[in-house]
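Quick mapping for you: the protein sequence lines, in order, are chains A and B.
Residues 335 to 525 in the numbering used here are what the first sequence lists, from first letter to last.
Residues 335 to 525 in the numbering used here are what the second sequence lists, from first letter to last.
2 protein chains.
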Amino acid sequence: MSTLEKSGYHHGDLRAALLSAAMEMLESGEPFSLRAVARRAGVSQTAPYRHFKDRDALESALAVEGFRNLLADLGGGRDLPAALPDLAEFAVTYVDFALRRPALFRVMFGKPCDDAADERVKAADALHELLADALDRVLPDADASALATAGWGLAHGLACLYLDGKLQAASSKEVADRVRSAFLAITSVGP
Amino acid sequence: MSTLEKSGYHHGDLRAALLSAAMEMLESGEPFSLRAVARRAGVSQTAPYRHFKDRDALESALAVEGFRNLLADLGGGRDLPAALPDLAEFAVTYVDFALRRPALFRVMFGKPCDDAADERVKAADALHELLADALDRVLPDADASALATAGWGLAHGLACLYLDGKLQAASSKEVADRVRSAFLAITSVGP
DNA sequence: TCAGCTATGTTTACAGCGCTAACACAGCGT
DNA sequence: ACGCTGTGTTAGCGCTGTAAACATAGCTGA
C-alpha cells in the first residue's frame, strides 16, 4: 500500500508522504519549507529529520525525481532523433519542462551540489549522455561531446532566461517557436 | 564626498554604504541578509528599510550594478566583433563573469523580476541588444534577433551549468576552452 | 532665532525558518 | 516479559524579514 494512513503514533510511510507533499507544494507554487511540508503531511515539524538529514537532502531527493521526469520527457515516447529538427525538439521539450514545473526546475539546478557522490550528479550526467548519444546518431562526424554540451547549454540557458523573465513570450506555443528559431538560427550559421 | 563616515546619529550616505557592504559580502561569498548588511554598515537592523523597500529591492539594486559590470566586461575595452570567433569570446567572457562572481550572478538571474518597469529588466534588455547589434554586424544576413537569443541562451546556459556543477572543469582556462569548443561546434553544424 | 516638518536613524516585537536535544511510544527479537 | 531500535513529539535556540512606535537632526520659513 503506497499511502498507509497514519494509524496512531506511527505513520507507516512518512518518507514517501513527505516527498509527495513537497512535490505537490512545489508544483502548486507554494513556498516550501521543511515545516510546511511536515504540516501538510500531518506530522510534527521535526519528524522529517528522521528521514532526511536536512532540508538539502529533501531537495536533493526531489531533484532526482525531477531529473527522472525530465529524462522521461526527453527520451520516452519519442522516435529516435533522425535529423536536426528532432534535436530542436529536445530543446523545446526541455524549455517546456522548465516552464511547466518552474519550482522543481529551480530545485534541480540553481544550487551547487558539491558532493561528488550525489545522486543528482549522476542524474545530470545521464542527461548529458542521452544528449550526446542522440547527437552522435544524427551527426556522427561532429565532436559529440562539445556539441552535446552546446545543445544542453542552449536549451538550459533559454529555459533559465524564460523562467526568470529575461526573455518573454505570451504563450507556451510562442516560447516553443522561439526556441526552435534560436536553435535553427545558431545551427545555420556555418563558416 | 562618497564615503562620509557616520557622524553621530545620522550616517551621511547610508544607501551607498549598504550597497557596497552588500556587494562586498556577495563577492566574498558570505551569506548575505539584510541584517548582516546593516551590521556591516554599522547601523541598526532596520535602518536599511529607509532606503530599500525590502530585501528584494536591495538585491535588485545589486543586480543592476551587476548588469552594468557585465555589460562593461562584454563591451568595453574590446574591439568590435568582426568574425565568428569574436562572438565566441563573448560567451567566454560571459561565463567567466559568472564564475568569478557567482553570488552576484545568481542575484542578477535566478529570480523572476515580475515588475515590468523594473530597472533589472531594462538592464537585461540592454544586454540582449548589445548582442543583437554585434551579431548583426558579423552576420548581417541572419535573423539577428533569433541568433542573439540563441547566443545569449548558449552563454547563459553554460554559465549556469558550470556554476551549478552540472558541468565541471579544472581551471577557468579549461572552462574557456570548452565554451569556445561548444560555440564552434554548434555553429559548425550547418545543414 | 527658533518652531516645527521631514528625513533618517533606533528600539522593540512578532512570526516563520532550520536545526538540536530530550523525551514518548510502538513493534520486534530474544 | 523485557528491552532495543526505529519513529514520532515537545521544547527551545538563534537566525531571518518585516512592522510599529519612537528619537534625533538638520532644513525651512515666520
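Note that CB positions come from ideal geometry on N, CA and C, so glycine has one too.
**Prompt:** Quick one: what does DSSP say residue 523 (chain B) is sitting in, helix, strand or coil?
**Reply:** Position 189 of the second sequence, counted from the first residue, corresponds to residue 523 (chain B). Coil.
**Message:** Suppose the cutoff is 8 Å on Cβ atoms and the five residues either side in sequence are ignored; what does the same chain contact list for residue 394 (chain A) look like?
**Reply:** Sequence index remark: in the first sequence, residue 394 (chain A) carries index 60 (1-based). Taken in chain order, the residues that qualify are 447, 452, 453 and 454.
**Message:** Using beta carbons (cut-off 9 Å, strictly below), is residue 439 (chain B) in contact with chain A?
**Reply:** Walking along the second sequence from the start, residue 439 (chain B) turns up at place 105. No, because no Cβ of chain A sits closer than 9 Å to the Cβ of residue 439 (chain B).
**Asked** So which residues on chain B does residue 446 (chain A) lean against when the C-beta distance must stay under 8 Å?
**Response** Translated into positions along the first sequence, residue 446 (chain A) becomes position 112. Correct list: 497, 498 and 499.
**Asked** For residue 502 (chain A), which of B:473, B:511, B:503 and B:456 has the nearest alpha-carbon?
**Response** Working through the first sequence from its first residue, we reach residue 502 (chain A) at position 168. Considering only alpha carbons, the answer is B:456.
**Request:** Would you grab the beta carbon distance between residue 357 (chain B) and residue 399 (chain B) for me? Rounded to a whole angstrom, and I think it's under 8 Å.
**Result:** Translated into positions along the second sequence, residue 357 (chain B) becomes position 23. Translated into positions along the second sequence, residue 399 (chain B) becomes position 65. The Cβ separation is near 7 Å, so the contact holds.
**Asked** Leaving out five residues before and five after residue 464 (chain A) in sequence, what residues of the same chain have Cβ atoms less than 8 Å from its Cβ?
**Response** As a position in the first sequence, residue 464 (chain A) is number 130, starting the count at 1. These residues qualify, in order along the chain: 405, 408 and 409.
**Prompt:** Interface residues of chain A around residue 386 (chain B) at Cβ under 8 Å?
**Reply:** The residue given as residue 386 (chain B) occupies position 52 in the second sequence. Under the 8 Å cutoff, chain A gives no residues; its nearest Cβ is about 21 Å from residue 386 (chain B).
**Cutoff 9 Å: residue 485 (chain B) Cβ touching any chain A Cβ** = Locating residue 485 (chain B) in the second sequence gives position 151, where the first residue counts as 1. It does: the Cβ of residue 485 (chain B) has a partner Cβ on chain A nearer than 9 Å.
**Request:** Could you tell me the distance, in whole angstroms, from the CA atom of residue 374 (chain B) to the CA atom of residue 353 (chain B)?
**Result:** Within the second sequence, residue 374 (chain B) is the residue found at index 40, counting from 1. Within the second sequence, residue 353 (chain B) is the residue found at index 19, counting from 1. Their backbone Cα atoms lie some 11 Å apart in a straight line.
**Prompt:** residue 371 (chain B) CB to nearest chain A CB: under 9 Å?
**Reply:** In the second sequence, residue 371 (chain B) corresponds to position 37, counting from 1. Output row for residue 371 (chain B): interface = no.
**Request:** Consult DSSP for residue 506 (chain A) and reduce its assignment to one of helix, strand or coil.
**Result:** Counted from its first residue, the first sequence places residue 506 (chain A) at position 172. Three-state DSSP puts residue 506 (chain A) in a helix.
**Message:** Tell me the DSSP secondary structure of residue 475 (chain B) in three-state form.
**Reply:** Counting from 1 along the second sequence, the entry for residue 475 (chain B) is found at position 141. Reduced to three states, the DSSP call for residue 475 (chain B) is coil.
**Prompt:** Whole-angstrom Cβ separation of residue 441 (chain B) and residue 496 (chain B), contact assumed at under 8 Å?
**Reply:** Your numbering for residue 441 (chain B) matches position 107 in the second sequence. Your numbering for residue 496 (chain B) matches position 162 in the second sequence. Going by Cβ atoms, the distance from residue 441 (chain B) to residue 496 (chain B) rounds to 17 Å, so no, they are not a contact pair.
**Any 3 or more C-beta pairs closer than 8 Å across the stretch 458 to 478 of chain B and the stretch 460 to 474 of chain A** = Not touching, per the Cβ criterion.
**Message:** Please classify residue 500 (chain A) as buried or exposed, where buried requires at least 16 other C-beta atoms within 10 Å of its C-beta.
**Reply:** To locate residue 500 (chain A), count along the first sequence from 1; it is residue 166. With 16 or more Cβ atoms within 10 Å of its Cβ, residue 500 (chain A) is classed as buried.
**Request:** Anything in chain A within Cβ reach of residue 521 (chain B), meaning under 7 Å, just list it in chain order.
**Result:** As a first step, residue 521 (chain B) must be located in the second sequence, where it is residue number 187. Result: 520 and 523.
**Message:** Below 8 Å on C-beta distance, what does residue 491 (chain B) contact in chain A?
**Reply:** For the purposes of this step, residue 491 (chain B) is identified with residue 157 of the second sequence, where counting begins at 1. Near residue 491 (chain B) (Cβ distances below 8 Å), the residues of chain A are 486, 487, 488, 489, 490, 491, 492, 493 and 494.
**Request:** Examine chain B for any beta-carbon lying closer than 9 Å to the beta-carbon of residue 390 (chain A), and answer yes or no.
**Result:** If you number the first sequence from 1, residue 390 (chain A) lands on position 56. Not an interface residue.
**Item:** residue 335 (chain A) (DSSP reduced to helix, strand or coil)
**Value:** Looking up residue 335 (chain A) in the first sequence gives position 1. The predicted position of residue 335 (chain A) is uncertain, since its pLDDT is 35 and thus under 50; a value taken from the coordinates is nonetheless stated next. Residue 335 (chain A): coil per DSSP, three-state reduction.
**Prompt:** Among residues of its own chain, excluding the 5 on either side of residue 432 (chain B), which ones have a beta-carbon nearer than 6 Å to its beta-carbon?
**Reply:** As a first step, residue 432 (chain B) must be located in the second sequence, where it is residue number 98. 439, 493 and 497.
**Request:** Say whether chain A places a C-beta atom closer than 9 Å to the C-beta of residue 477 (chain B).
**Result:** Within the second sequence, the letter at position 143 stands for residue 477 (chain B). Residue 477 (chain B) counts as touching chain A.
**Asked** Is any beta-carbon of chain A found at less than 9 Å from that of residue 366 (chain B)?
**Response** Counting from one through the second sequence, the residue named residue 366 (chain B) turns up at place 32. At a cut-off of 9 Å between beta-carbon atoms, residue 366 (chain B) makes no contact with chain A.
**Asked** If residue 488 (chain B) and residue 488 (chain A) are in contact, beta carbons under 8 Å, what's the gap, nearest whole angstrom?
**Response** Translated into positions along the second sequence, residue 488 (chain B) becomes position 154. Translated into positions along the first sequence, residue 488 (chain A) becomes position 154. With a Cβ gap of about 5 Å, residue 488 (chain B) and residue 488 (chain A) count as contacting.
**Request:** Assuming residue 392 (chain B) contacts residue 360 (chain B) (C-beta within less than 8 Å), just tell me the rounded distance between them.
**Result:** On the second sequence, position 58 is the one that residue 392 (chain B) refers to. On the second sequence, position 26 is the one that residue 360 (chain B) refers to. That belief does not hold up - the Cβ atoms of residue 392 (chain B) and residue 360 (chain B) are roughly 11 Å apart, past 8 Å.
**Message:** Tell me the residue span of the alpha helix (DSSP H) that contains residue 371 (chain B).
**Reply:** By 1-based counting over the second sequence, the position of residue 371 (chain B) is 37. That run of the alpha helix (DSSP H) goes 368 to 375.
**Prompt:** Which whole-angstrom value is the C-beta distance of residue 381 (chain B) and residue 372 (chain B), which I expect to be below 8 Å?
**Reply:** Residue mapping note: residue 381 (chain B) aligns to position 47 of the second sequence, counting from 1. Residue mapping note: residue 372 (chain B) aligns to position 38 of the second sequence, counting from 1. With 8 Å as the limit, residue 381 (chain B) and residue 372 (chain B) qualify as a contact, their Cβ atoms being about 6 Å apart.
**Prompt:** Going along the chain, which residues of its own chain have a beta-carbon closer than 6 Å to the beta-carbon of residue 468 (chain B), five neighbours each way excluded?
**Reply:** Translated into positions along the second sequence, residue 468 (chain B) becomes position 134. Correct list, in chain order: 415.
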